[in-house]
Amino acid sequence: RDRTIFATTTTFLANYMKTAHPYDFHTLRLLIVGAEKLTEEVRRTAFDRFGVRPIEGYGVTECSPIVAANSPLACKPGTVGQLLPGTEYRLEPVEGIENGGVLHVRGPQVMLGYLRPDGSIEPPRSVFGEGWYRTGDVVCIDNEGYVTIVGRVKRFAKVAGEMVSLEITEGIAREASPQFAHAAVSSAGAARGEMVVLFTEDAQLRREQLQQAARAMGAPELALPRRIVFLPRIPLLGNGKKDYVTLTRMAAEEKAE
Numbered sequence: 057r058d059r060t061i062f063a064t065t066t067t068f069l070a071n072y073m074k075t076a077h078p079y080d081f082h083t084l085r086l087l088i089v090g091a092e093k094l095t096e097e098v099r100r101t102a103f104d105r106f107g108v109r110p111i112e113g114y115g116v117t118e119c120s121p122i123v124a125a126n127s128p129l130a131c132k133p134g135t136v137g138q139l140l141p142g143t144e145y146r147l148e149p150v151e152g153i154e155n156g157g158v159l160h161v162r163g164p165q166v167m168l169g170y171l172r173p174d175g176s177i178e179p180p181r182s183v184f185g186e187g188w189y190r191t192g193d194v195v196c197i198d199n200e201g202y203v204t205i206v207g208r209v210k211r212f213a214k215v216a217g218e219m220v221s222l223e224i225t226e227g228i229a230r231e232a233s234p235q236f237a238h239a240a241v242s243s244a245g246a247a248r249g250e251m252v253v254l255f256t257e258d259a260q261l262r263r264e265q266l267q268q269a270a271r272a273m274g275a276p277e278l279a280l281p282r283r284i285v286f287l288p289r290i291p292l293l294g295n296g297k298k299d300y301v302t303l304t305r306m307a308a309e310e311k312a313e
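Numbering-wise, the sequence shown is residues 57 to 313 according to the numbering used here.
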């Protein structure tokens, strides 16, 4: 009742908005969203209903866990904010990805290392040397220092020789059908290599709608899913993130059938 700071995920926040009364959030001064992308639909609805602007941040467990964050005084929607003070970064190029690279960070929040069974500590190390932690996330950083997450390295599909971000596919689906949840995974294809499979809670979603949304967004045609699969409910992990492991298995099983 007297809480002023609330940290959550987009999925949980979207569910709160379905049942919560605006008064339930009237004491909040800071609403922080992380772990998954904050969609424009959730951002706008949260502000309209609760009168508090959600701000997005980004982190990983090995970085205690914050790497970057927006703040009430420095916020750029669509980004996860600026790197924390004292944080150095480097971008590792990824073949097939022109804009951005894998984020490596070094700073006071980076862990000492992994504790091994023999009691020793294995410090973080990346291609840039000891003390650097490889996040596994592909990012872009603008000239003001704001970080935009392009996607996980593992969240890309190689379609017809091109690297396609599954996050873009989900963004197209959100644009076409903002009231429903969607999740994109890659699956082994035929001549074109991997293919994109879109799971959606919208039983009426059709490829034509996705094509229109992609054109409006300027998204590449390759990001459109080869298959669209309806699910009454997208499976989630306990932390509110989408369960991509289960979805990938479901895509493979459906293809086998």
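We put the beta carbon where it would ideally sit given N, CA and C, even for glycine.
From a predicted model like this one, the values you see are computed outputs, not experimental measurements.
C-beta atoms of Ile-290 and Glu-257 nearer than 9 Å: yes
Given this structure, state the Cα-to-Cα distance separating Glu-223 from Leu-159, to the nearest angstrom. 17 Å
So, do the segment 211-228 and the segment 74-90 have three or more beta carbon pairs nearer to each other than 8 Å? no
By alpha-carbon positions, which one of Pro-110, Phe-286, Thr-64 and Pro-128 ends up nearest to Ala-239? Phe-286
What residue range is occupied by the uninterrupted alpha helix (DSSP H) comprising Lys-74? In the DSSP assignment, Lys-74 falls within the unbroken alpha helix (DSSP H) covering 66-75.
With H, G and I counted as helix, E and B as strand and the rest as coil, what does DSSP make of Leu-140? coil
Which residues in the same chain have their Cβ closer than 6 Å to the Cβ of Gln-165, if we skip the five residues on either side of it in sequence? Cys-119 and Ser-120
Among Leu-140, Glu-178 and Val-194, whose alpha-carbon lies nearest the alpha-carbon of Glu-148? The candidate whose alpha carbon is nearest that of Glu-148 is Val-194.
Have a look at Tyr-145 and Arg-172 and give me their C-alpha separation to the nearest angstrom. 26 Å
The alpha helix (DSSP H) spanning Gly-227 covers which residue range? Gly-227 -> alpha helix (DSSP H) spans 222-232.
In the structure shown, what three-state DSSP assignment does Cys-119 receive? helix
Rounded separation between Gly-169 and Thr-143 - CA only: 17 Å
Give the single residue among Asn-155, Gly-152 and Thr-191 whose Cα lies nearest to the Cα of Met-167. Its Cα nearest to that of Met-167, the residue Thr-191 stands out among Asn-155, Gly-152 and Thr-191.
Cross-strand partners of Pro-125 (DSSP beta bridge): It should be pointed out that residue 125 corresponds to Ala in this sequence rather than to Pro. DSSP output for Ala-125 lists Gly-113 and Gln-138 as bridge partner(s).
With C-beta atoms as the reference, is Gly-296 less than 9 Å away from Glu-151? no
Selection from Glu-250, Ala-259, Ser-242 and Leu-266 that minimises the alpha carbon distance to Tyr-300: Ser-242
Local conformation of Pro-149 per DSSP, three classes: strand
I'd like the span of the beta strand (DSSP E) that includes Phe-286, first residue to last. 283-286
Alpha carbon to alpha carbon, how far is Ala-229 from Leu-266? 6 Å
Let me know the secondary structure DSSP gives Ala-102 once reduced to three states. helix
Met-167, DSSP secondary structure in three states: Coil, per DSSP.
Applying the criterion that 16 or more other CB atoms from any shown protein chain within 10 Å of the CB defines a buried residue, is Val-183 buried or exposed? Flag for Val-183 reads exposed.
Rounded to whole angstroms, what is the Cα-Cα separation between Pro-179 and Val-123? 18 Å
Within its chain, find whatever has a CB closer than 6 Å to the CB of Trp-188; leave out the 5 residues flanking it on each side and keep chain order. His-160, Arg-162 and Ser-182
Can Leu-69 and Pro-110 be called in contact, C-beta distance under 9 Å? yes
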